[in-house]
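To keep things clear, I will list the structure first and then write my remarks on it.
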Amino acid sequence: QKEVEQDPGPLSVPEGAIVSLNCTYSNSAFQYFMWYRQYSRKGPELLMYTYSSGNKEDGRFTAQVDKSSKYISLFIRDSQPSDSATYLCAMSERDDKIIFGKGTRLHILP
Amino acid sequence: SAVISQKPSRDICQRGTSLTIQCQVDSQVTMMFWYRQQPGQSLTLIATANQGSEATYESGFVIDKFPISRPNLTFSTLTVSNMSPEDSSIYLCSASEGYGNQPQHFGDGTRLSIL
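As structure tokens, then:
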């Protein structure tokens, strides 16, 4: 079993819809959970950074962590065409080595 | 957050040659890292670049193949040595601004193709 599993997509949704992106993981020692957004030919851009379980909201983005189920989610409300990108989940035991998912390609249809 | 610049942004190289990639941060950072991103694969950590000491390499990566320098708190280089087509990838630099609960921020990467 891989440490981090993420559906590669592509995921296509109409503009304005709520997007749900998810990852599962196997290492119960992970404490820090991140979501990065990566546009084509660009580096990953940090969207959300959370510690342990719970929810965190930032504008249209909400990150959820359920450590008991080893499951994390990113929700995007009122999705826009500019949200079209690859979304990478990532996690670490400490604040150094990060383990990334393969990324989910998201397309928001105008 | 720190702004990270990488040079070159892309290059096409001949088999057997070496290429050095530069990573410059606009502020002093505690930790710098080098990753590889292959098509359809997740980002993989190559090594942690330690200021004033030898880099710490992950399993599967060795210093002879990927020598790293970090002469100060804002700059690091990664060299890809004796390149083969299997080294064709995107190489990414990241930085973290401190110890304890500090996320990593990334540069835009170097897209490397080996002929």
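The listed protein sequences correspond, in order, to chains E and R. Residue 1 is where the first sequence starts when you use my numbering, and the numbers rise one by one after that. Residue 1001 is where the second sequence starts when you use my numbering, and the numbers rise one by one after that. Ideal placement from N, C-alpha and C gives every residue a C-beta, glycine not left out.
Terminal residues of the continuous beta strand (DSSP E) containing residue i?
| i | result |
| --- | --- |
| Ile18 of chain E | Note, Ile18 of chain E: premise wrong, no beta strand (DSSP E); not H, not E. |
| Thr1048 of chain R | 1043-1049 |
| Lys67 of chain E | Run containing Lys67 of chain E: none; DSSP gives neither H nor E here. |
| Arg1111 of chain R | 1110-1114 |
| Thr1020 of chain R | 1019-1025 |
| Phe33 of chain E | 32-38 |
| Gln1003 of chain R | One detail in the question is off: residue 1003 of chain R reads as Val in this sequence, not Gln. Segment: none, Val1003 of chain R is in no beta strand (DSSP E) and carries neither H nor E. |
| Ser1076 of chain R | 1075-1080 |
Under 8 angstroms between beta-carbons, which chain E residues line up against residue i? List them in chain order, please.
| i | result |
| --- | --- |
| Pro1071 of chain R | Neighbours of Pro1071 of chain R on chain E: none; closest Cβ ~21 angstroms, over 8 angstroms. |
| Gln1041 of chain R | Lys102 |
Can you list the residues of chain R that residue i reaches, using a CB-CB cut of under 9 angstroms?
| i | result |
| --- | --- |
| Met34 of chain E | Pro1103, Gln1104 |
Could you give the DSSP three-state label for residue i: helix, strand or coil?
| i | result |
| --- | --- |
| Glu57 of chain E | strand |
| Glu45 of chain E | strand |
| Asp96 of chain E | coil |
| Pro1085 of chain R | helix |
| Asp1011 of chain R | strand |
| Ser1069 of chain R | strand |
| Ser12 of chain E | strand |
| Ser82 of chain E | helix |
| Glu3 of chain E | coil |
Thinking residue i and residue j are a contact (beta carbons under 8 angstroms), I'd like their distance in whole angstroms, please.
| i | j | result |
| --- | --- | --- |
| Tyr36 of chain E | Glu45 of chain E | 6 angstroms |
| Gly103 of chain E | Thr86 of chain E | 4 angstroms |
| Ser1005 of chain R | Arg1111 of chain R | In fact, because the Cβ distance is near 15 angstroms, the residues do not count as touching under 8 angstroms. |
| Cys1023 of chain R | Ser1089 of chain R | Rounded, the Cβ-Cβ distance is 16 angstroms, inconsistent with contact. |
Kindly list, in the order they appear in chain R, the residues whose Cβ is closer than 7 angstroms to that of residue i.
| i | result |
| --- | --- |
| Asp96 of chain E | Met1031, Thr1048 |
In the DSSP assignment, what are the bridge partners of residue i?
| i | result |
| --- | --- |
| Ser1096 of chain R | R:Met1031, R:Gln1104 |
| Ser28 of chain E | Its beta-bridge partners do not exist; DSSP assigns none. |
| Ile108 of chain E | E:Val13 |
Name the chain E residues that come within less than 7 angstroms of residue i, Cβ to Cβ?
| i | result |
| --- | --- |
| Gly1060 of chain R | The premise fails here: Gly1060 of chain R is roughly 14 angstroms from chain E at the closest Cβ pair, so nothing lies under 7 angstroms. |
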